[in-house]
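A quick write-up on the structure given underneath.
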Amino acid sequence: MSARARVAVVGAGRMGTGIAHAFTYSGHPVTLIDLKDRSADDQERVESTAMNTIRDSLSLLSTLGVIEEAWVNRIMDRVSFFGLQEAPTALKTAEVVFEAVPEVLDIKRETYAWISSWVRRDALIASTTSSFLVDELAHHVAGPERFFNTHWLNPAFLIPLVEVSPSECAGQEQTRHLLELLRSVGKIPVLCKASPGYIVPRLQALVMNEAARIWEEGVATVDDIDTASRLGFGFRFAVLGLLEFIDWGGGDILYYVSEYLRDRLGDDRFAPAASVRRNMQTGRLGMRSGQGFYDFSNMSTESYRMETLRKFVELLRHLELLRPPVVE
Ligand SMILES: NC(=O)c1ccc[n+]([C@@H]2O[C@H](COP(=O)([O-])OP(=O)(O)OC[C@H]3O[C@@H](n4cnc5c(N)ncnc54)[C@H](O)[C@@H]3O)[C@@H](O)[C@H]2O)c1
Ligand SMILES: O=C(O)[C@@H](O)[C@@H](O)[C@H](O)[C@@H](O)CO
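Count the sequence shown with the numbering used here and you get residues -14 to 313, in order.
Below, the structure written as C-alpha cells:
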C-alpha cells in the first residue's frame, strides 16, 4: 500500500462524507462513489450535497482556527465524486474501499458484488455497518481475507475511535495495514470480535434506553437527565474507561449498587456481571486493593490518582466550570 493510499468511499451520506473528510484531510486522494441509479439532475444534487458537506465541515475547522482558510480548497481538491457510470474506472485504482451504503442487507450485498467485480485483488475492503456481523457480510466479498468492518462513530471526521472487526478469514498482514492506515489519519482503532453492537453501540443502547426509561417513569425531566448525563456521567468517562472506573471507585460499590437496583427495580438487567461478582468474592476491588480489572500492584496509585484529577480539572477549565475558591 502506498504512503498516501488511494481511498474509495462507496456511499456519500453521513458516514461516507465523514470518512472521505478524514482521509483527504490527511493527504489521501479520495474517490467518493454514489452507486444509486439516478437521473442526471439527481446525480448532480447528490454530488453537490456530498461535496458541500465536506467543504462545510472543513470551513468550520477553518472558522475555529484549526486549519487555515486557504487549505480548504487544497484539501477539497483531493476528493472526486463519481456516479454509477464512471464508478468502475474510479474504483479500479483504489487501494482501500470503505462501504457506507444504507443499513439494508440487500443493498450491502449488491454493493459488495459490485465492488468485488471492479476492485483490485489486493485492495482492502471495509464495511461501516452498525449492526451486521462482519462474518455474515464476508460471504458477499471476493477475497474475504481483506474484508473488515470499521465501525466509525458519527461525525466520522471528528470522533477518534474506530472499532475494527476483522472477518474470520482476515489476514494478519491486511489487518496490520488497515490499523496502520487508520492510525496514520489520526484515528484510534480498537479491535473487536464480530459480536452484536461491538463495544460502543452495545454500551450506548443500554445507557440511552435507560435514560429514556428514567424519563418515562417521571423520575426527572429531559433537561435534567441530559445535564446529569453530560456533567456527571459523560464527564468522567471522557477521562476514565468504564472498567477503569469500576477499579477507581471500587468494584464493591458497583456490586452492592447492582444488587440493590436489581432487587428494587425488579430487573435482572441491573444484576452484577459475573466478573464483578467474582472480583468481589476474591477481594479484587480495584485501586484500593491493588487488583481489579487492572493491576495496580506495581505502580504509584497516588501519581495515577493525581494525573486523573489533573485531567478532570483541565476538562472543568475547558467547560468553564472551574470556580475560584472563597478566600476572604
Ligand atoms: N449515521 C450514523 O450515526 C452511523 C454511525 C456509524 C455507522 N453507521 C453506518 O454507516 C452506514 C451508512 O450510514 P449513513 O448514516 O451514512 O447513511 P446515509 O443514508 O446518510 O448514506 C447512505 C448513502 O448510500 C446511498 N444509497 C442509498 N440507497 C442506495 C442504494 N440502493 N445503493 C447504493 N447506494 C445507496 C445514499 O444516497 C447515501 O449517499 C450504515 O451501514 C450505518 O449503519 C452510521
Ligand atoms: O455512536 C455512533 O455514532 C454509532 O455507534 C451509531 O451506530 C449509533 O449512534 C448507535 O449507537 C445508535 O444506537
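Backbone N, C-alpha and C define an ideal beta-carbon position, used for all residues, glycine too. Note that the coordinates shown come from a computational prediction; the quantities given were computed from them, not determined experimentally.
Using the rule of at least 16 other Cβ atoms within 10 Å of the residue's Cβ for burial, across every protein chain shown, is residue i buried or exposed?
i	result
residue 107	exposed
residue 113	buried
residue 193	exposed
residue 283	exposed
residue 191	exposed
residue 116	exposed
residue 58	exposed
residue 93	buried
residue 270	buried
residue 159	buried
How about residue i: is its C-beta nearer than 8 angstroms to some C-beta of chain C?
i	result
residue 224	In the structure shown, chain C cannot be found, because there is only a single protein chain.
For residue i, which three-state DSSP category applies?
i	result
residue 196	helix
residue -8	strand
residue 143	coil
residue 243	helix
residue 100	helix
residue 209	helix
residue 67	strand
residue 271	strand
residue 175	strand
residue 19	coil
residue 292	helix
residue 151	strand
Determine the extent of the beta strand (DSSP E) in which residue i is found, giving its start and end residues.
i	result
residue 135	132 to 137
residue 55	Taken as a continuous stretch (DSSP letters only), residue 55 belongs to no beta strand (DSSP E), being part of the alpha helix (DSSP H) at 54 to 61.
residue 112	109 to 112
residue 84	81 to 84
Taking the alpha carbon of residue i as the point to measure from, which residue in the options has its own alpha carbon closest?
i	options	result
residue 91	68, 101, 64 and 122	122
residue 103	273, 20 and 306	20
residue 277	248, 230 and 301	230
residue 145	136, 151, 153 and 152	136
residue 186	147, 169 and 173	147
residue 10	198, 142 and 199	142
residue -14	18, 169 and 223	169
What are the boundary residues of the alpha helix (DSSP H) that residue i is part of?
i	result
residue 29	25 to 48
residue 74	72 to 77
residue 264	259 to 266
residue 127	That residue, residue 127, is in no alpha helix (DSSP H); it is neither H nor E in DSSP.
In chain order, what residues place their C-beta within less than 6 angstroms of a heavy atom belonging to ligand 2? 115, 138, 139, 185, 186, 189 and 190
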